[in-house]
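Counting from 1 along the sequence shown, just add 45 to a position and that's the residue number in the numbering used here. Please read the structure below before turning to the comments.
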Amino acid sequence: MFDAKARYVRSLFSRVPLEYDILLGLLSFAQDRRWRGYVVGRARPSEGGRVLDVATGTGLLAADFARTLSGYGYVVGVDLTLSMLKTARWRLNSKGLGHRVDWVLARAENLPFRDESFGGASISLALRNVSDAQKTFGEMTRTTGLGGTVISLDFARPPNRLFQIFYYDYLLGLFPLFGRMVSEDWGRTLSYLGRSILRARTGKQIAGLLSREGLADASSVPLTAGIVCAVYGKKR
């Protein structure tokens, strides 16, 4: 079942799968590759392990995980938007990584996997889009084996007040204006992204969600002047 938010998010992103990477580059000031590298390094998947990437989108993080694996290692990318998964599959096949990734259409709050099926689980730049963040982390924790890392990377509100003024003006003004110049779908998507970032949880709040699922040593690390936070914990 899809609630109102899930239906809205699915409708929104189903219209811009091919352009999503461009949107992400604009939002991140071209820092998203470095952020994904941090997530992969922190998760430290074993070469032959299994990794779950929740809300995988166009598969950017799934691809980075896949490059670190060998032997029987593989990634499972989950998303609720079919067009995103199709784009992700095309991308990884074109990079010769398709054999290391499976794609599953599902909601983050109801993952169709057995307990402790994966060596680790990630959600990247999408926690704002799920309907129930606590339930999402509960499912990620349930499907992660002992010793595995559950990690979230998401946009945050930068702590520096001067930078906030510039960043918020960018998110609410220039960013959606640029989108509307391209197309109505772009404008609608960029407007949603900007507003959702202003309502984003702090790293401390996300760490609290992880702790409530019993994950140990939940920690928050700000990146790029605090416009994103990586938050992770260990299952023990």
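Ideal placement from N, C-alpha and C gives every residue a C-beta, glycine not left out. Bear in mind that the values here come from a model prediction, so they are computed numbers and not experimental data.
Smallest Cα separation from G282: which of F110, S128, R81?
With the chain covering 46 to 281 only, the question about residue 282 has no answer from this structure.
Presumed contact (8 Å Cβ cut-off) between T101 and V123, rounded CB distance:
As a first step, residue 101 must be located in the sequence shown, where it is residue number 56. As a first step, residue 123 must be located in the sequence shown, where it is residue number 78. In this structure, T101 and V123 form a Cβ contact; the two beta carbons are roughly 6 Å apart against a cut-off of 8 Å.
G36 to G183, Cα distance in whole Å?
In the structure as shown, the chain begins at 46 and stops at 281. Residue 36 is therefore absent and cannot be evaluated.
Report yes or no: do the segment 194–212 and the segment 161–178 share at least 3 C-beta pairs separated by less than 8 Å?
The way I'd put it, the segment 194–212 does touch the segment 161–178; three or more beta-carbon pairs between them come closer than 8 Å.
Member of A108, K131, S73, V96 whose CA lies at the smallest distance from the CA of R60
On the sequence shown, position 15 is the one that residue 60 refers to. Of A108, K131, S73, V96, the residue nearest in Cα terms is K131.
Minimum C-alpha distance to S128 - residue among G104, A108, S162
Taking the sequence shown and counting its residues from 1, the one referred to as residue 128 is at position 83. Ranking the options by Cα distance to S128, first place goes to G104.
Reducing DSSP to helix, strand and coil, say where D48 ends up.
For this step, residue 48 is matched to residue 3 along the sequence shown. Here D48 sits in coil by DSSP.
Apart from the five residues on each side of it in sequence, which residues of its chain come closer than 7 Å, Cβ to Cβ, to Q76?
Working through the sequence shown from its first residue, we reach residue 76 at position 31. Excluding sequence neighbours, Q76 sits near T269.
Between which two residues does the beta strand (DSSP E) containing F163 stretch?
Here the question's residue 163 lines up with position 118 in the sequence shown. Element bounds for F163: 163–169.
Ends of the beta strand (DSSP E) at P267?
Taking the first residue of the sequence shown as 1, we reach residue 267 at position 222. Segment 261–268, the beta strand (DSSP E) holding P267.
Give the straight-line distance between the Cα atoms of D147 and L207, rounded to the nearest whole angstrom.
One-based indexing of the sequence shown puts residue 147 at position 102. One-based indexing of the sequence shown puts residue 207 at position 162. Between D147 and L207, the C-alpha separation is close to 43 Å.
If you drop the 5 nearest sequence neighbours on each side, which residues of the same chain put their C-beta closer than 7 Å to that of D262?
Here residue 262 corresponds to residue number 217 of the sequence shown, with the count starting at 1. The beta carbon of D262 sits closer than 7 Å to the beta carbons of G278, K279 from its chain, once the five residues preceding and following it are set aside; these are given in chain order.
If I measure Cβ to Cβ from D230 and keep anything under 6 Å in the same chain, skipping five residues before and after, which residues do I get?
For this step, residue 230 is matched to residue 185 along the sequence shown. Around D230: R60, V61.
For L142, I'd like the list of residues in its chain whose CB is within less than 8 Å of its CB, leaving aside the five on either flank, ordered along the chain.
For the purposes of this step, residue 142 is identified with residue 97 of the sequence shown, where counting begins at 1. Within the same chain, L142 has close Cβ partners A108, A111, R112.
Among G248, P204, S73, S265, nearest to Y215 - alpha-carbon criterion
Taking the sequence shown and counting its residues from 1, one reaches residue 215 at position 170. Nearest C-alpha to Y215: S73.
Short Cβ contact (7 Å threshold) for A153 with V99
Taking the sequence shown and counting its residues from 1, the one referred to as residue 153 is at position 108. Taking the sequence shown and counting its residues from 1, the one referred to as residue 99 is at position 54. Yes; because the gap between Cβ atoms is below 7 Å, this pair is in contact.
Hey, out of S256, L235, T247, whose CA is closest to L71's CA?
The residue labelled residue 71 in the question sits at position 26 within the sequence shown. Among S256, L235, T247, the Cα nearest to that of L71 is on L235.
With DSSP as the reference, please indicate the residues paired to W231 in a beta bridge.
In the sequence shown, the residue the question calls residue 231 occupies position 186. Answer is none; W231 lacks a bridge partner.
Three-state secondary structure (DSSP) at S197?
As a working mapping, residue 197 is identified with position 152 in the sequence shown. Strand, per DSSP.
What is the residue span of the beta strand (DSSP E) that A108 lies within?
Mapped onto the sequence shown, residue 108 falls at position 63. Careful: A108 lies outside any beta strand (DSSP E), inside the alpha helix (DSSP H) at 105–113.
Reducing DSSP to helix, strand and coil, say where D160 ends up.
By 1-based counting over the sequence shown, the position of residue 160 is 115. Secondary structure at D160: coil, using DSSP grouped into helix, strand and coil.
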